[in-house]
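If you count the sequence shown from 1, you need to add 225 to reach my numbering.
Just so it is clear, CB atoms sit at the ideal spot from N, CA and C, and this is done for glycine as well.
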Amino acid sequence: MLAGGFAGQMHNPLARPPSALAHWSPIHPLGEPPVQATTALPFFPQRIAIDIKVGPKPRAYRDVDGVGFRRGDVGTHTSRTIMLAELTALFDAVPATASEADITVAIRHANCLSKSTTSTRRLTHQRLTELYALDPHVPIYRVLRRLWSLEPSGRPLLALLVAIARDPMLAASAPAVVLLPIGADFARGPMKDAIRAAIGDRLSDAILDKVVRNAASSWTQSGHLAGRSIKTRRRVIATPATVALAVYLAHAAGFRGPHVFASAWTKLLDADADAARSLAIEAKRAGLIDMRAFGDVVDASFDRLDPGLPAASTTTSEGVA
Numbered sequence: 226m227l228a229g230g231f232a233g234q235m236h237n238p239l240a241r242p243p244s245a246l247a248h249w250s251p252i253h254p255l256g257e258p259p260v261q262a263t264t265a266l267p268f269f270p271q272r273i274a275i276d277i278k279v280g281p282k283p284r285a286y287r288d289v290d291g292v293g294f295r296r297g298d299v300g301t302h303t304s305r306t307i308m309l310a311e312l313t314a315l316f317d318a319v320p321a322t323a324s325e326a327d328i329t330v331a332i333r334h335a336n337c338l339s340k341s342t343t344s345t346r347r348l349t350h351q352r353l354t355e356l357y358a359l360d361p362h363v364p365i366y367r368v369l370r371r372l373w374s375l376e377p378s379g380r381p382l383l384a385l386l387v388a389i390a391r392d393p394m395l396a397a398s399a400p401a402v403v404l405l406p407i408g409a410d411f412a413r414g415p416m417k418d419a420i421r422a423a424i425g426d427r428l429s430d431a432i433l434d435k436v437v438r439n440a441a442s443s444w445t446q447s448g449h450l451a452g453r454s455i456k457t458r459r460r461v462i463a464t465p466a467t468v469a470l471a472v473y474l475a476h477a478a479g480f481r482g483p484h485v486f487a488s489a490w491t492k493l494l495d496a497d498a499d500a501a502r503s504l505a506i507e508a509k510r511a512g513l514i515d516m517r518a519f520g521d522v523v524d525a526s527f528d529r530l531d532p533g534l535p536a537a538s539t540t541t542s543e544g545v546a
């Protein structure tokens, strides 16, 4: 499968806890809970988070790359947001069956996004591709298009989930928003600190400030923040389609069993494990996924969500923590 990726490796926020605020993976002795469980957003399970730190290309990376996750030294949020308006206009203009070449023609030549110059069309195409792949050979894009038409109200969260999987800088910004109490004011400082901890000193303060502004705009587009000069945390509403995508990404990231309902992917939807499980059952009834859940035993298959993928099912009573 084609899955675009960055060259090189960043200090990955999905693999290393960058600060007290942003403990992205629970790196702790096997079987023990994270030291600060209330501030943890585990996008990858412990065994993969540790595996990612060793070897040039561990299997964990190959697996997520195959689905369409994206890693590397830079991120789209140095210059753009999640570009929800452009993504919506593009999907309105081209059918779900459009090829990568068809999408290129629509953006760069037919100017379906109404950009004023050739260079702007090219850059918009490039940034949208970084965030969403725009290639039906990439599983994560196929799943996004599959779900897009089902629940228009869930589109901002669908876009956010895929963008998180494909932009490490946006992923690094997540704890500063997702862990903020509903109704609380958003502060840029904690987000800047979390991103700085994830990427090191590679970016100047001016560029890092721009990343924070763009990320805050993205979280506003997704519905997590509201307001202009002063932004406040708002609760987003999870749906069967958004939970189906979140569970799909959690499974691709290496979670198994009941842990697919409690990872950071579902926390992005402001859904706890019980709510995520209930919505996953609704997604099953809608024909999006196949799932059986009995206590801690969860058997999930995503062939319906993406018929282009080979069988990808798992049964476990313990899962991966």
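Query raised in the report: What residue range is occupied by the uninterrupted alpha helix (DSSP H) comprising Arg503?
Result: The residue given as residue 503 occupies position 278 in the sequence shown. For clarity, residue 503 is Ser in the given sequence; the question names Arg instead. Where Ser503 is concerned, the enclosing alpha helix (DSSP H) starts and stops at Ala498 to Arg510.
Query raised in the report: Alpha carbon to alpha carbon, what distance is there between Glu325 and Ser341?
Result: Reading the sequence shown from its first residue, position 116 is the one you call residue 341. Reading the sequence shown from its first residue, position 100 is the one you call residue 325. Their backbone Cα atoms lie some 22 Å apart in a straight line.
Query raised in the report: For Arg459, which of Arg427, Ala500 and Asp410 has the nearest alpha-carbon?
Result: To locate residue 459, count along the sequence shown from 1; it is residue 234. It is Asp410 whose Cα lies nearest to the Cα of Arg459.
Requested in this report: With distances taken Cα to Cα, identify the nearest neighbour of Ala314 among Ala505, Gly533 and Ser374.
Outcome: The count along the sequence shown starts at 1 and reaches residue 314 at position 89. If we check each option's Cα against that of Ala314, Ser374 comes out closest.
Query raised in the report: Is Thr322 helix, strand or coil by DSSP?
Result: Position 97 of the sequence shown, counted from the first residue, corresponds to residue 322. DSSP places Thr322 in coil when its eight states are reduced to three.
Query raised in the report: Nearest-angstrom Cα distance between Ala310 and Ser447?
Result: As a first step, residue 310 must be located in the sequence shown, where it is residue number 85. As a first step, residue 447 must be located in the sequence shown, where it is residue number 222. If you take the alpha carbons of Ala310 and Ser447, they lie about 11 Å apart.
Query raised in the report: beta strand (DSSP E) containing Val523: first to last residue?
Result: Mapped onto the sequence shown, residue 523 falls at position 298. It spans Val522 to Ser526 - the beta strand (DSSP E) in which Val523 sits, taken as one unbroken run.
Query raised in the report: Taking DSSP as the reference, what is the three-state secondary structure of Ala451?
Result: Residue 451 sits at position 226 when you count from the first residue of the sequence shown. Strand at Ala451.
Query raised in the report: Is the Cβ-Cβ distance between Ala441 and Lys456 less than 8 Å?
Result: Indexing the sequence shown from 1 puts residue 441 at position 216. Indexing the sequence shown from 1 puts residue 456 at position 231. Cβ distance < 8 Å, so Ala441 and Lys456 count as in contact.
Query raised in the report: Can you tell which of Gly520, Leu493 and Val472 has its C-alpha closest to the C-alpha of Glu507?
Result: For the purposes of this step, residue 507 is taken as the residue at position 282 of the sequence shown. Val472 is the residue among Gly520, Leu493 and Val472 whose C-alpha sits nearest the C-alpha of Glu507.
Report task. In the DSSP assignment, find the unbroken beta strand (DSSP E) run with Arg296 in it and report its ends. Result -> Residue numbering aside, residue 296 sits at position 71 when the sequence shown is read from its first letter. Arg296 -> no beta strand (DSSP E), and no H or E assigned at all.
Report task. Verify whether the separation of the beta carbon atoms of Ile307 and Ala384 is less than 8 Å. Result -> Position 82 of the sequence shown holds residue 307. Position 159 of the sequence shown holds residue 384. Yes; because the gap between Cβ atoms is below 8 Å, this pair is in contact.
Query raised in the report: CB Ile365 to CB Leu493, shorter than 8 Å?
Result: Locating residue 365 in the sequence shown gives position 140, where the first residue counts as 1. Locating residue 493 in the sequence shown gives position 268, where the first residue counts as 1. No, the Cβ-Cβ distance between Ile365 and Leu493 is not below 8 Å.
Query - Residue ranges of each alpha helix (DSSP H) within the segment 406-473, 4 or longer - result: List check, alpha helix (DSSP H) in window: 413-424 and 430-446.
**Report entry** With 16 other Cβ atoms within 10 Å as the buried cut-off, status of Phe527
**Finding:** The residue labelled residue 527 in the question sits at position 302 within the sequence shown. Flag for Phe527 reads buried.
Report task. Enumerate in chain order the residues of its own chain whose CB-to-CB distance from Gly293 is below 6 Å, with the five nearest sequence positions on each side excluded. Result -> Indexing the sequence shown from 1 puts residue 293 at position 68. The residues Ala228, Ala358, Val363, Pro364 and Ile365, in chain order, have a CB closer than 6 Å to that of Gly293 in the same chain once the five nearest residues on each side in sequence are set aside.
Query raised in the report: What separation, rounded to the nearest whole angstrom, lies between the Cα atoms of Arg529 and Arg370?
Result: In the sequence shown, the residue the question calls residue 529 occupies position 304. In the sequence shown, the residue the question calls residue 370 occupies position 145. Going by the C-alpha atoms only, they are around 13 Å apart.
Query raised in the report: Do you know offhand how far Val547's Cα is from Phe269's?
Result: Residue 547 lies beyond the residue range present for the chain, which begins at 226 and ends at 546; the question has no answer from this structure.
Query raised in the report: Met516 bridges to which residues according to DSSP?
Result: If you number the sequence shown from 1, residue 516 lands on position 291. BP columns for Met516 point to Ala525.
**Report entry** CB-CB length for Ala505 against Phe486, believed under 8 Å
**Finding:** Position 280 of the sequence shown, counted from the start, is the residue given in the question as residue 505. Position 261 of the sequence shown, counted from the start, is the residue given in the question as residue 486. Contact flag correct, Cβ pair sits at about 7 Å.
Report task. Pull up the distance between the alpha-carbon of Pro415 and that of Arg421, whole angstroms please. Result -> Mapped onto the sequence shown, residue 415 falls at position 190. Mapped onto the sequence shown, residue 421 falls at position 196. So the two alpha carbons sit approximately 10 Å from each other.
Requested in this report: List the whole-angstrom C-beta distance separating Ser443 from Leu395, where the pair is believed to meet the contact cut-off of C-beta under 8 Å.
Outcome: Along the sequence shown, one-based indexing puts residue 443 at 218. Along the sequence shown, one-based indexing puts residue 395 at 170. The beta-carbon distance between Ser443 and Leu395, rounded to whole angstroms, is 6 Å. This is short enough to meet the 8 Å contact definition.
Query raised in the report: Does DSSP put Arg304 in a helix, a strand or coil?
Result: For the purposes of this step, residue 304 is taken as the residue at position 79 of the sequence shown. For clarity, residue 304 is Ser in the given sequence; the question names Arg instead. It is coil, neither helix nor strand.
Requested in this report: Give a yes or no on whether the C-beta atoms belonging to Pro403 and Leu450 are separated by under 8 Å.
Outcome: Within the sequence shown, the letter at position 178 stands for residue 403. Within the sequence shown, the letter at position 225 stands for residue 450. What sits at residue 403 in the sequence shown is Val, not Pro. Not closer than 8 Å, so no.
**Report entry** Thr491, DSSP secondary structure in three states
**Finding:** One-based indexing of the sequence shown puts residue 491 at position 266. Helix, per DSSP.
Query raised in the report: With distances taken from CA atoms, which of Ser339, Thr329, Val368 and Ala335 is nearest Gln351?
Result: As a first step, residue 351 is located in the sequence shown; it is residue number 126 there, counting from the start. Cα-wise, what sits closest to Gln351 is Thr329.
Query - Short Cβ contact (8 Å threshold) for Pro483 with Leu513 - result: Counting from 1 along the sequence shown, the entry for residue 483 is found at position 258. Counting from 1 along the sequence shown, the entry for residue 513 is found at position 288. No, the Cβ-Cβ distance between Pro483 and Leu513 is not below 8 Å.
Query raised in the report: Nearest to Ser378 by alpha carbon, out of Val436, Thr467 and Arg305?
Result: In the sequence shown, the residue the question calls residue 378 occupies position 153. Residue Thr467 is the option with its Cα nearest to Ser378.
Query raised in the report: Rounded to a whole number of angstroms, what is the C-alpha to C-alpha distance between Thr301 and Arg510?
Result: If you number the sequence shown from 1, residue 301 lands on position 76. If you number the sequence shown from 1, residue 510 lands on position 285. Whole-angstrom Cα-Cα distance: 36 Å.
Query raised in the report: Would DSSP call Val485 helix, strand or coil?
Result: Working through the sequence shown from its first residue, we reach residue 485 at position 260. Helix.
Query raised in the report: From which residue to which residue does the alpha helix (DSSP H) around His206 run?
Result: This structure cannot settle anything about residue 206, because the visible part of the chain is limited to 226 through 546.
Query raised in the report: Leaving out five residues before and five after Val260 in sequence, what residues of the same chain have Cβ atoms less than 6 Å from its Cβ?
Result: Stepping through the sequence shown from its first residue, residue 260 is reached at position 35. The pLDDT assigned to Val260 is 28, lower than 50, so where the model puts this residue is not dependable; a value taken from the coordinates is nonetheless given after this. The beta carbon of Val260 sits closer than 6 Å to none of the beta carbons in its chain outside the five residues before and after it.
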